[in-house]
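Trainee:
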Amino acid sequence: MARGSLASPAVVDLLRPFIITAAHSGEEDLADLEPAVREVFTKSDLSKDPNRLNVFMLVLDSQGRVVHEFHGLPGGGRAAVLGRSDHQAEIRIARAKLKLPEEKPQKADGPLKGLPDLKGQAGHPAGVRLFIRQDDPSNSHFSQVPVVEIVSMKADEWKPLSFPPRAREIEAESLRSWLVWLYPAGVRTADEQRRFQKFSGTLKLARGIG
Amino acid sequence: MTTRKLFVTILGMACAVSAHGADQRDAQSVVGKFRSARPQAADLAIYQLDWMPTLKAAREKAAREVRPIFLVVVRNSFGDLCSGHC
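Chains as they are written, first to last, in the working numbering: chain A, 1 to 210; chain B, 211 to 296.
(1) For residue 261 (chain B) and residue 34 (chain A), I'd like the C-alpha separation in whole angstroms.
(2) Given that a residue counts as buried once 16 or more other Cβ atoms are within 10 Å of its Cβ, and exposed if not, what is residue 86 (chain A)?
(3) Tell me, which residues are paired with residue 148 (chain A) by DSSP?
(4) Assuming residue 60 (chain A) is part of the beta strand (DSSP E), what are its boundary residues?
(5) Whole angstroms are fine: how far does the CA of residue 114 (chain A) sit from the CA of residue 106 (chain A)?
(6) With burial defined as no fewer than 16 other Cβ atoms inside 10 Å of the residue's Cβ, what is the status of residue 74 (chain A): buried or exposed?
(7) Does the count of Cβ pairs from the segment 7-23 of chain A and the segment 270-287 of chain B closer than 8 Å reach three?
(8) Taking Cβ positions, are residue 68 (chain A) and residue 43 (chain A) nearer each other than 8 Å?
(9) For residue 271 (chain B), which residues in chain A fall below 8 Å Cβ to Cβ?
(10) With burial defined as no fewer than 16 other Cβ atoms inside 10 Å of the residue's Cβ, what is the status of residue 118 (chain A): buried or exposed?
(11) Where residue 255 (chain B) and residue 8 (chain A) are concerned, what is the direct C-alpha to C-alpha distance, given to the nearest angstrom?
(12) Listing by chain order, which chain B residues have their CB less than 9 Å from the CB of residue 146 (chain A)?
(13) I'd like to check one pair, residue 71 (chain A) with residue 84 (chain A): are the Cβ atoms closer than 8 Å?
(14) Answer yes or no: do residue 174 (chain A) and residue 160 (chain A) have a C-beta to C-beta separation smaller than 8 Å?
(15) Could you check what DSSP says for residue 244 (chain B) in three-state terms: helix, strand or coil?
(16) Report, in whole angstroms, the separation of the C-beta atoms of residue 169 (chain A) and residue 198 (chain A), which I expect to be a contact under 8 Å.
(17) For chain B, find out if any of its Cβ atoms is closer than 8 Å to the Cβ of residue 59 (chain A); answer yes or no.
(18) What are the boundary residues of the beta strand (DSSP E) that includes residue 42 (chain A)?
(19) Can the beta-carbon of residue 146 (chain A) be found less than 8 Å from the beta-carbon of residue 131 (chain A)?
(20) Mind checking who residue 168 (chain A) pairs with in its DSSP beta bridge?
(21) Does residue 268 (chain B) pass the burial test, meaning 16 or more other C-beta atoms within 10 Å, or should it be called exposed?
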């Protein structure tokens with residue numbers, strides 16, 4: 001939910017001047033947090049707020065000092081909800097404290113520098129990017145913003161996918177490295193250890209008309 | 211005999227053309243579904259931002275470029291907000 005709110009074009013425009021980073025902790029004592037994050041977070045008032053939920057957003061200046069903090073789950077504004085925040089309003093407050101100039105809306109199709117990438121060898125693509133989305137609005141993990149998984153591929157792994165003069169079938173198993181990322185493994189970290197294991201049947205490979 | 215061979219040949223060619231047409235329809239159907247499911251620019255806007263993997267790295271970059279940092283902390287969760295894993 002927090003990522004979905006941060007992903008709106010309006011919030012992206014507000015966040016452009018920032019370096020963005022995130023940290024997750026599954027431990028009660030935060031032992032698995034990066035030490036620098038643990039220090040910043042445990043000193044914050046947010047971490048002690050009795051109305052806190054589990055997502056927190058902190059703004060630091062270029063010297064690493066916290067200048068603003070707010071609850072990370074979206075919600076708030078006129079219908080203020082304890083433990084939640086209006087992300088746009090809070091980021092604007094942070095920008096004012098930092099004396100940043102007013103944001104200028106930019107094209108939605110700008111360069112995607114944050115997209116996971118692979119470096120490959122000459123002669124064939126390094127791999128593929130899989131965009132995985134859970135499309136059921138009734139599912140708590142529904143989001144229009146896809147998860148991106150990168151799968152590296154060697155030259156010989158591309159051969160089965162070479163365009164045939166006529167449609168032919170390939171074994172679904174040959175695309176195992178892609179298919180293991182089908183939801184939920186591709187989205188939910190807890191399910192990464194329980195990926196789909198068996199792929200049977202065939203897929204038809206045909207040249208489409210562009 | 212010749213007529214029969216000609217008939218079989220024509221029938222075979224018709225089947226081949228029909229199969230090719232069916233393959234093209236399948237391909238077009240898949241391409242259509244791909245285009246409707248493919249993330250749009252607005253869906254990927256979050257990837258336009260400048261993500262760093264750690265706060266330490268973010269601080270170094272922020273100091274070098276004189277830019278502020280936006281830190282998100284998620285408790286009771288294993289995941290990666292940057293990639294979207296929850």
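Just so you know, even glycine gets a beta-carbon here, dropped at the ideal spot from N, CA and C.
Mentor: Here's the rundown:
(1) Residue mapping note: residue 261 (chain B) aligns to position 51 of the second sequence, counting from 1. Residue mapping note: residue 34 (chain A) aligns to position 34 of the first sequence, counting from 1. Rounded to the nearest angstrom, the two C-alpha atoms are 16 Å apart.
(2) Start at 1 with the first residue of the first sequence, and residue 86 (chain A) comes out as number 86. Burial check for residue 86 (chain A): the Cβ neighbour count within 10 Å reaches 16 or more, so the residue is buried.
(3) Locating residue 148 (chain A) in the first sequence gives position 148, where the first residue counts as 1. Residue 148 (chain A) pairs with A:131.
(4) For this step, residue 60 (chain A) is matched to residue 60 along the first sequence. Note, residue 60 (chain A): beta strand (DSSP E), 55-60.
(5) In the first sequence, residue 106 (chain A) corresponds to position 106, counting from 1. In the first sequence, residue 114 (chain A) corresponds to position 114, counting from 1. The C-alpha of residue 114 (chain A) is placed about 16 Å away from the C-alpha of residue 106 (chain A).
(6) One-based indexing of the first sequence puts residue 74 (chain A) at position 74. Looking at its Cβ environment, which holds 16 or more other Cβ atoms inside 10 Å, residue 74 (chain A) is buried.
(7) Contact between the segment 7-23 of chain A and the segment 270-287 of chain B is present, because at least three Cβ pairs lie under 8 Å.
(8) Taking the first sequence and counting its residues from 1, one reaches residue 68 (chain A) at position 68. Taking the first sequence and counting its residues from 1, one reaches residue 43 (chain A) at position 43. Not a contact, by the Cβ cut-off of 8 Å.
(9) Numbered from 1 along the second sequence, position 61 holds the residue referred to as residue 271 (chain B). By Cβ distance, chain A contributes 19.
(10) Here residue 118 (chain A) refers to the residue found at position 118 of the first sequence. By the 10 Å Cβ count, residue 118 (chain A) comes out exposed.
(11) Position 45 of the second sequence holds residue 255 (chain B). Position 8 of the first sequence holds residue 8 (chain A). The straight-line gap separating the alpha-carbon atoms of residue 255 (chain B) and residue 8 (chain A) is approximately 7 Å.
(12) The sequence position of residue 146 (chain A) within the first sequence is 146, counting from 1. The answer, in chain order, is 249, 253, 254, 294.
(13) Here the question's residue 84 (chain A) lines up with position 84 in the first sequence. Here the question's residue 71 (chain A) lines up with position 71 in the first sequence. The Cβ atoms of residue 84 (chain A) and residue 71 (chain A) lie closer than 8 Å to each other.
(14) Numbered from 1 along the first sequence, position 174 holds the residue referred to as residue 174 (chain A). Numbered from 1 along the first sequence, position 160 holds the residue referred to as residue 160 (chain A). Taking a C-beta distance under 8 Å as the contact criterion, residue 174 (chain A) and residue 160 (chain A) qualify as a contact pair.
(15) The residue given as residue 244 (chain B) occupies position 34 in the second sequence. Residue 244 (chain B) falls in the helix class under three-state DSSP.
(16) Taking the first sequence and counting its residues from 1, one reaches residue 169 (chain A) at position 169. Taking the first sequence and counting its residues from 1, one reaches residue 198 (chain A) at position 198. That belief does not hold up - the Cβ atoms of residue 169 (chain A) and residue 198 (chain A) are roughly 18 Å apart, past 8 Å.
(17) The residue given as residue 59 (chain A) occupies position 59 in the first sequence. Cβ-Cβ to chain B under 8 Å: yes for residue 59 (chain A).
(18) Here residue 42 (chain A) refers to the residue found at position 42 of the first sequence. No beta strand (DSSP E) holds residue 42 (chain A); the alpha helix (DSSP H) holding it covers 35-43.
(19) Locating residue 146 (chain A) in the first sequence gives position 146, counting from the first residue. Locating residue 131 (chain A) in the first sequence gives position 131, counting from the first residue. Yes.
(20) By 1-based counting over the first sequence, the position of residue 168 (chain A) is 168. Partner(s): A:205.
(21) In the second sequence, the residue the question calls residue 268 (chain B) occupies position 58. With 16 or more Cβ atoms within 10 Å of its Cβ, residue 268 (chain B) is classed as buried.
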